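Remarks on the structure that follows.
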Amino acid sequence: MSKITMANFPELPYAVEEAVNRLRININFLGNDIRKIMVVSTMPNEGKSFVAMQLWRQMAEAGTSTVLVDLDLRKSIMTEKYGITTDDGEEIKGTSFYLSHPIDLDEAICKTDMEYGDILPNVDNVINPSMLLESKRFEEMLNYMGEKYRYALFDSPPLNIVSDGERIGNLCDGAILVVRGGETPKGMVKHSLMQLERAGCPLLGVVLNRVQGGGSGYYYKKYGGSYYGGHYYGSEYYYGK
Ligand SMILES: Nc1ncnc2c1ncn2[C@@H]1O[C@H](COP(=O)(O)OP(=O)(O)OP(=O)(O)O)[C@@H](O)[C@H]1O
Ligand SMILES: [Mg+2]
6 MSKITMANFP ELPYAVEEAV NRLRININFL GNDIRKIMVV STMPNEGKSF VAMQLWRQMA
66 EAGTSTVLVD LDLRKSIMTE KYGITTDDGE EIKGTSFYLS HPIDLDEAIC KTDMEYGDIL
126 PNVDNVINPS MLLESKRFEE MLNYMGEKYR YALFDSPPLN IVSDGERIGN LCDGAILVVR
186 GGETPKGMVK HSLMQLERAG CPLLGVVLNR VQGGGSGYYY KKYGGSYYGG HYYGSEYYYG
246 K
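Below you can see the structure in the form of structure tokens.
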């Protein structure tokens with residue numbers, strides 16, 4: 006198990022930090038059976054990876070053993086975006102490498118500066134990961150994660166493009182649906198809810214993310230001007246349907 010360092014981990018404004026904290030606490034209330042959680046959205050670019058990463062960090066910082074698993078096997082940018090490198094100079098194996106090579110999962114998972122936060126980024130993007138996701142090895146990987154850690158958070162591809170999300174959802178205890186405020190059409194969100202239902206994956210909650218106030222809008226007022234003017238957008242969490 007290599008240890009990694011993240012060179013670019015953003016500091017969040019208080020309001021975003023608080024929104025993620027509320028999400029974390031609400032997930033705690035869901036009980037012991039909810040362990041494997043998919044973080045998903047309808048369309049690309051809604052903020053799944055952002056929410057998954059921040060939630061993972063807060064869970065780990067709170068002393069809850071949590072693993073963040075990058076299941077965006079087609080176009081993950083996690084290692085570049087967060088400046089992830091191993092401390093010993095070893096190459097990170099990553100999710101798709103693990104799924105296609107006979108190595109131990111514990112060898113692939115990386116330790117971090119956080120005692121309770123482990124991570125499995127994806128490094129080698131693949132054009133068609135369906136075979137990997139449909140494999141028994143994938144199912145076993147998810148189950149192992151769910152047993153070893155209190156929470157396993159799965160950063161997933163969007164639901165509208167490929168079937169990867171439904172397969173992942175089918176193996177998880179529930180999903181957090183990230184919705185980009187003011188962007189994602191209602192009908193498409195409804196369709197995502199149907200897809201989750203079809204996959205047998207309970208909806209745990211919805212995160213309304215990347216909310217931009219127009220200066221007089223509700224979110225602008227709620228979070229304040231400096232927040233709107235800053236680099237980060239609002240996130241709000243809705244519990245249940
Ligand atoms: N609440 C937020 N505040 C500020 N920036 C955000 C927020 N949520 C997401 N972003 C930024 O928006 C961009 C898209 O977010 P992210 O990569 O998390 O989306 P995604 O849903 O994982 O996209 P993809 O479908 O491509 O995987 C990123 O640059 C991310 O840092
Ligand atoms: Mg992503």
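For what it's worth, my numbering labels the leading residue of the sequence shown as 6, then goes sequentially.
Here a beta-carbon is modelled for each residue, glycine too, at the ideal position from N, C-alpha and C.
What you are looking at is a predicted structure, and each value in this text was computed from that prediction instead of being measured.
1. Taking 7 Å as the cut-off, does the CB of Asp111 come closer than this to any heavy atom belonging to ligand 2?
2. What residue range is occupied by the uninterrupted beta strand (DSSP E) comprising Thr90?
3. Is the Cβ-Cβ distance between Gly174 and Met48 less than 8 Å?
4. For Ile97 and Ile114, I'd like the C-alpha separation in whole angstroms.
5. Which residues does DSSP pair with Ile42 in a beta bridge?
6. Per DSSP, Leu73 forms a beta bridge with which residues?
7. Regarding Asp77 and ligand 2, is the C-beta to nearest heavy atom distance less than 7 Å?
8. What residue range does the beta strand (DSSP E) around Met193 cover?
9. Might you give, ordered along the chain, the residues of its own chain that have their beta carbon closer than 6 Å to the beta carbon of Tyr19, omitting 5 neighbours on each side?
10. Report the rounded CA-to-CA distance for Ile39 versus Asp178, giving the unit in angstroms.
11. To which residues does DSSP link Met11 through a beta bridge?
12. Determine the DSSP secondary structure at Arg215, reduced to helix, strand or coil.
13. Report yes if the CB atom of Asp92 is closer than 8 Å to the CB atom of Met83, and no otherwise.
14. With the cut-off set at 8 Å, would you say Ala65 and Tyr121 are in Cβ contact?
15. Where does Lys116 sit, in a helix, a strand or coil, going by DSSP?
16. Check this for me: beta carbons of Tyr87 and Met6, under 8 Å apart or not?
Reading off the structure:
1. no
2. Ile89 to Thr91
3. no
4. 9 Å
5. Leu158 and Gly179
6. Ile124 and Leu158
7. yes
8. Run containing Met193: none in the beta strand (DSSP E); it sits in the alpha helix (DSSP H), Lys191 to Arg203.
9. none
10. 5 Å
11. Ile89
12. strand
13. no
14. yes
15. strand
16. no
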